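**Q**
Numbering (the numbering used here), first residue to last: 14 to 494.
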């Protein structure tokens with residue numbers, strides 16, 4: 014194994030692991046803010062119980078996501094120093110704003126929310142969680158702007174003297190057309206994931222013998238989560254359709270790789286299943302939907318979709334004959350076809366499963382109904398958070414692997430982004446240590462979630478009514494959990 018291979022494995026493991034926490038953080042802040050707002054307006058105790066219960070699970074997830082996210086940025090200096098030097102002027106700006114603005118917004122108002130139950134007026138306390146949610150959205154915006162620049166670099170100029178990309182238009186980076194479709198897609202997927210998580214937890218507690226006295230509470234939680242999962246899932250489908258067309262425009266090779274389409278085709282079919290080799294020499298037993306790939310790529314069932322082979326020839330002609338430019342070196346511009354092909358399908362298939370499962374549960378529990386056979390809703394409900402998280406992971410695997418061999422599309426290959434001074438031993442050591450560390454953190458995360466899920470929602474305890482400006486300043490702050 015070379016340093017490049019080890020560095021890619023490490024970045025992939027840490028990125029996918031970190032993103033397990035991100036959608037839940039974004040989505041749960043929205044659900045908690047909505048439920049607390051409903052409680053403030055209606056004073057129905059079940060909403061406050063759900064707020065405190067899922068707030069506890071959210072804080073566990075937030076803490077682990079924070080820890081894993083720190084290492085994410087350290088990697089740029091550890092294994093990708095040439096990348097950092099090349100893109101730092103552009104890539105650093107949105108990440109700096111994210112840290113200075115968005116993260117401090119999240120952390121400040123999350124602290125007020127945690128400690129302010131008996132110090133803040135109820136409406137103001139609920140507003141704190143809305144501001145936390147706003148902070149998570151701002152974080153997502155700036156981070157996705159940086160990633161979208163890697164997918165479609167705009168707003169920069171290349172300085173041949175320094176060998177760096179230099180930022181010339183910050184607004185172009187912030188409002189990159191890839192960013193404008195990626196942001197809603199990711200946020201809606203986060204809402205879907207958080208809704209699926211709420212459904213799974215509530216479905217387990219609904220059938221638990223230990224919590225039979227609270228079945229009405231968890232019935233309500235199932236429905237709230239299912240609404241979020243269904244609405245989020247439908248939004249993901251619509252935004253994903255738009256995103257696919259933008260992706261085809263700026264990265265036609267990614268769409269061709271997603272379908273395993275080797276030659277330019279009009280009315281390109283979508284293969285639901287391919288049995289055989291995806292190297293262009295053999296494709297057997299294909300179940301196809303006529304014209305669907307053309308529709309996904311162009312908006313027309315008769316649209317023309319460029320194939321892998323002509324795109325490869327064009328890219329080699331454009332980039333591969335320029336040995337004088339250090340950031341142009343790849344001679345084959347085709348991503349790993351099986352990974353892009355199957356991750357694309359797993360992303361869509363699992364997302365569809367979540368939306369359909371949420372719709373089934375909403376129908377089965379309508380008007381207070383209790384499904385016949387108490388186990389099947391729990392099994393269906395428990396499958397939703399697992400499939401939602403997997404759909405998110407496969408989506409990012411497709412997004413990043415489909416861009417290969419580019420680290421920055423059209424500007425810098427992954428091969429030239431890796432740190433030149435890192436040895437195989439050093440890279441392998443960091444890979445092993447961080448993977449083991451993250452494995453330990455996974456055990457901690459799961460153990461804490463299982464422990465507090467099993468305890469269920471605590472009995473209703475109404476927080477004190479604190480008038481605006483009328484509280485006792487000498488009263489000690491109360492920790493929510």
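The C-beta atom is built at its ideal place from N, Cα and C for all residues, glycine as well. Bear in mind that the values here come from a model prediction, so they are computed numbers and not experimental data.
Do you know how far the Cα of residue 425 is from the Cα of residue 337?
**A** Counted from its first residue, the chain shown places residue 337 at position 324. Counted from its first residue, the chain shown places residue 425 at position 412. A caution first: residue 337 carries a pLDDT of 37, below 50, which makes its placement in the model unreliable, though a value can still be read off. Approximately 13 Å between the Cα atoms of the pair.
**Q** Using only the alpha-carbon positions, how far apart do residue 22 and residue 353 sit?
**A** Within the chain shown, residue 22 is the residue found at index 9, counting from 1. Within the chain shown, residue 353 is the residue found at index 340, counting from 1. Straight-line Cα distance between these residues: approximately 16 Å.
**Q** Ignoring anything shorter than 4 residues, give me the alpha helix (DSSP H) runs that lie fully in the stretch 159-198, in order along the chain.
**A** 183-187
**Q** Can you name, in chain order, every residue of its own chain whose Cβ lies under 7 Å from the Cβ of residue 342, other than the five neighbours on each side?
**A** For this step, residue 342 is matched to residue 329 along the chain shown. Residue placement at residue 342 is poorly supported in this model, since its pLDDT is 45, which falls under 50; the coordinates still yield a value, given next. If we look at residue 342 and ignore the five residues flanking it on each side, its Cβ neighbours are 426, 428 and 429.
**Q** Applying the 10 Å Cβ sphere with the 16-neighbour rule, what's the burial state of residue 507?
**A** Lying outside 14 to 494, the shown extent of the chain, residue 507 is not represented and no answer is given.
**Q** Report the rounded CA-to-CA distance for residue 115 versus residue 80, giving the unit in angstroms.
**A** The residue you call residue 115 lines up with position 102 of the chain shown. The residue you call residue 80 lines up with position 67 of the chain shown. Cα to Cα, the separation comes out at about 17 Å.
**Q** So for residue 210, helix, strand or coil by DSSP?
**A** Counted from its first residue, the chain shown places residue 210 at position 197. Looking at residue 210 - three-state DSSP - the assignment turns out to be helix.
**Q** My output table needs one value for residue 349: the three-state DSSP class, helix, strand or coil.
**A** Taking the chain shown and counting its residues from 1, one reaches residue 349 at position 336. Coil, per DSSP.
**Q** Taking the beta strand (DSSP E) that residue 420 falls in, what are its first and last residues?
**A** The residue labelled residue 420 in the question sits at position 407 within the chain shown. Run containing residue 420: 419-421, per the beta strand (DSSP E) assignment.
**Q** Should residue 367 be labelled buried (16 or more other beta-carbon atoms within 10 Å of its own) or exposed?
**A** Position 354 of the chain shown, counted from the start, is the residue given in the question as residue 367. Only buried fits residue 367, as 16 or more other CB atoms lie within 10 angstroms of its CB.
**Q** Residue 232: which of 474, 419, 212 and 78 sits nearest, CA to CA?
**A** Mapped onto the chain shown, residue 232 falls at position 219. The shortest Cα separation from residue 232 among 474, 419, 212 and 78 belongs to 212.
**Q** Judging by CA-CA distance, which residue of 59, 102, 177 and 243 is the nearest neighbour of residue 376?
**A** The residue labelled residue 376 in the question sits at position 363 within the chain shown. The residue with the shortest Cα to Cα distance from residue 376 is 243.
**Q** Between which two residues does the alpha helix (DSSP H) containing residue 328 stretch?
**A** Here residue 328 is taken as the residue at index 315 of the chain shown, counted from 1. Its alpha helix (DSSP H) spans residues 321-328.
**Q** In the DSSP output, what is residue 301 paired with across the bridge?
**A** Here residue 301 corresponds to residue number 288 of the chain shown, with the count starting at 1. The partner list for residue 301 (beta bridge, DSSP) reads 284.
**Q** Given this structure, state the Cα-to-Cα distance separating residue 293 from residue 333, to the nearest angstrom.
**A** Locating residue 293 in the chain shown gives position 280, where the first residue counts as 1. Locating residue 333 in the chain shown gives position 320, where the first residue counts as 1. A caution first: residue 293 carries a pLDDT of 48, below 50, which makes its placement in the model unreliable, though a value can still be read off. Going from the Cα of residue 293 to the Cα of residue 333 covers about 22 Å.
**Q** Spatial neighbours of residue 246 within its chain, please: CB distance less than 7 Å, with the 5 preceding and 5 following residues excluded, ordered by chain position.
**A** What you label residue 246 is simply residue 233 of the chain shown in a count that begins at 1. Closer than 7 Å at the Cβ level, and outside the excluded window around residue 246, lie 205, 364, 367, 368 and 371.
**Q** By DSSP, does residue 43 sit in helix, in strand, or in coil?
**A** Sequence index remark: in the chain shown, residue 43 carries index 30 (1-based). Three-state result, residue 43: helix.
**Q** Compare the beta carbon distance of residue 281 and residue 307 with 9 Å and say whether it is the shorter of the two.
**A** Position 268 of the chain shown, counting from 1, holds the residue named residue 281. Position 294 of the chain shown, counting from 1, holds the residue named residue 307. Result yes, Cβ atoms of residue 281 and residue 307 sit closer than 9 Å.
**Q** Ends of the alpha helix (DSSP H) at residue 315?
**A** Locating residue 315 in the chain shown gives position 302, counting from the first residue. Residue 315 -> no alpha helix (DSSP H), and no H or E assigned at all.
**Q** Go to residue 405, then tell me how far its alpha helix (DSSP H) extends in each direction, as first and last residue.
**A** In the chain shown, the residue the question calls residue 405 occupies position 392. Unbroken alpha helix (DSSP H) run through residue 405: 389-414.
**Q** If we call anything under 9 Å between Cβ atoms a contact, is residue 140 one with residue 38?
**A** Locating residue 140 in the chain shown gives position 127, where the first residue counts as 1. Locating residue 38 in the chain shown gives position 25, where the first residue counts as 1. Not closer than 9 Å, so no.
**Q** Mind checking residue 340: buried by the 16 CB within 10 Å criterion, or exposed?
**A** Locating residue 340 in the chain shown gives position 327, where the first residue counts as 1. In this predicted model, residue 340 has a pLDDT of only 44, less than 50, meaning its place in the structure is not dependable enough to derive any value.
**Q** Roughly how many angstroms lie between the CA atoms of residue 330 and residue 346, to the nearest whole one?
**A** Your numbering for residue 330 matches position 317 in the chain shown. Your numbering for residue 346 matches position 333 in the chain shown. Cα to Cα, residue 330 sits roughly 11 Å from residue 346.
**Q** Return the chain-ordered list of same chain residues with a C-beta closer than 6 Å to the C-beta of residue 304, the five sequence neighbours on each side being excluded.
**A** By one-based count along the chain shown, residue 304 stands at place 291. Result list for residue 304: 280 and 314, in chain order.
**Q** Counting only runs that start and end within the stretch 39-85, where is the alpha helix (DSSP H) found for 4 or more residues in a row?
**A** none
**Q** Answer with buried or exposed for residue 14, where buried requires no fewer than 16 other C-beta atoms within 10 angstroms of its C-beta.
**A** Taking the first residue of the chain shown as 1, we reach residue 14 at position 1. The residue is exposed, with fewer than 16 neighbouring Cβ atoms inside 10 Å.
**Q** Less than 6 Å between C-beta atoms, sequence neighbours within five positions excluded: which residues of the same chain meet that for residue 129?
**A** Stepping through the chain shown from its first residue, residue 129 is reached at position 116. Cβ neighbours of residue 129 beyond the five flanking positions: 138.
**Q** Find the nearest neighbour of residue 136 within the set 470, 53, 450 and 448, judged by alpha-carbon distance.
**A** As a first step, residue 136 is located in the chain shown; it is residue number 123 there, counting from the start. The option with the nearest alpha carbon to residue 136 is 53.
**Q** State whether the stretch 67-79 contacts the stretch 451-470, with contact taken as three or more CB pairs (one from each stretch) at a distance under 8 Å.
**A** yes
**Q** With DSSP as the reference, label residue 17 as helix, strand or coil.
**A** Indexing the chain shown from 1 puts residue 17 at position 4. In the structure shown, residue 17 sits in a helix (DSSP, three-state: H, G or I).
**Q** Count the other CB atoms, across all protein chains shown, that sit within 10 Å of the CB of residue 406; report buried if there are 16 or more and exposed otherwise.
**A** Here residue 406 refers to the residue found at position 393 when the chain shown is read from its first residue. With 16 or more Cβ atoms within 10 Å of its Cβ, residue 406 is classed as buried.
**Q** Tell me the DSSP bridge mates of residue 425?
**A** Counting from one through the chain shown, the residue named residue 425 turns up at place 412. For residue 425, which the question treats as bridged, DSSP gives the partners 421.
**Q** Evaluate residue 172 with the Cβ neighbour count: other Cβ atoms within 10 Å of its Cβ, from every protein chain shown; 16 or more gives buried, anything less gives exposed.
**A** As a working note, residue 172 is residue 159 in the chain shown. By the neighbour-count rule (16 or more Cβ atoms within 10 Å), residue 172 is not buried but exposed.
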